[in-house]
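Report on the structure given below.
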Amino acid sequence: MGVVGAVVLALAGAASSSYVSVTAEFVPAGKPGGDAYVAVTFAPRDKEIVVNEEPAPRLKLAADEAVLLDKQKPAGRAVYDPENPKYLDVAVPVHLPVALKPTAPKGRHDVKAKLTYFYCSKREGWCRKGTEDLAFPVDVR
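FYI, in numbering that gives the first Met the number 0 the residues of the sequence shown are 0 to 140.
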């Protein structure tokens with residue numbers, strides 16, 4: 000069973016941040032036994048908004064998901080150091096590992112997931128939790 004193509008589509012739900020736009024793309028494994036992932040791109044709507052590296056963004060697949068398995072490492076306890084904050088390079092997508100379920104039915108499927116991340120305003124000195132409802136296509140062959 001294989002996957003063909005990487006198609007981009009993102010849907011932001013009602014819980015989306017007005018400060019950060021998020022897109023998601025499923026990227027299939029390049030070769031059999033390789034790693035597949037969901038590439039998540041953050042686009043702050045203001046140059047003073049930054050996306051935190053820790054706690055790391057987390058993807059939660061829908062409970063009834065029939066196509067993908069979550070392959071993210073268990074979330075560890077994030078230690079935030081306000082004296083030395085670390086932010087993501089938003090020019091580079093974050094890769095969140097997934098795998099095709101062995102029982103994934105062939106065809107095109109819309110996968111739904113919720114993304115949780117944290118972002119801050121450098122100018123105003125605050126940080127917030129962001130959540131996005133995402134949907135992206137996965138073609139299973």
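Heads up, the beta-carbon is just placed ideally off N, CA and C, and yes, glycines get one too.
*Assigned secondary structure, Val3 (DSSP; H/G/I helix, E/B strand, else coil)*: With a pLDDT of only 40 at Val3, under 50, the local geometry of the prediction cannot be trusted, and the value read off the model is given with reservation. For Val3, the secondary structure class from DSSP, reduced to helix, strand or coil, is coil.
*Start and end of the beta strand (DSSP E) containing Glu131?*
Its beta strand (DSSP E) spans residues 125-139.
*Below 8 Å between beta carbons: does that hold for Leu133 and Ala103?*
Taking 8 Å as the cut-off, the Cβ atoms of Leu133 and Ala103 do not count as close.
_Three-pair Cβ contact test at 8 Å for the stretch 113-121 versus the stretch 45-65_ = Contact holds: three or more Cβ-Cβ distances are below 8 Å.
*Pro43, enclosing beta strand (DSSP E) - first and last residue*: Segment 35-43, the beta strand (DSSP E) holding Pro43.
*What's the gap between the Cα of Pro84 and the Cα of Ala90?*
Whole-angstrom Cα-Cα distance: 18 Å.
_Cβ separation of Arg44 and Tyr18, assumed to be a contact under 8 Å, to the nearest whole Å_ = With 8 Å as the limit, Arg44 and Tyr18 qualify as a contact, their Cβ atoms being about 6 Å apart.
*Check Glu53 in the structure and name its three-state DSSP category.*
The answer is coil: DSSP assigns Glu53 none of H, G, I, E or B.
_C-beta atoms of Phe41 and Phe135 nearer than 8 Å_ = The answer is no: Cβ separation not under 8 Å.
*Would you mind sorting Gly32 into buried or exposed? The rule is 16 or more other CB atoms within 10 Å of its CB.*
Exposed, since its Cβ has fewer than 16 Cβ neighbours within 10 Å.
*Starting from Arg107 and walking both ways along the beta strand (DSSP E), at which residues does that stretch end?*
Run containing Arg107: 106-120, per the beta strand (DSSP E) assignment.
*How should Ala74 be labelled, buried or exposed, when 16 other C-beta atoms within 10 angstroms of its C-beta is the threshold for buried?*
When all chains shown are included, Ala74 counts as exposed.
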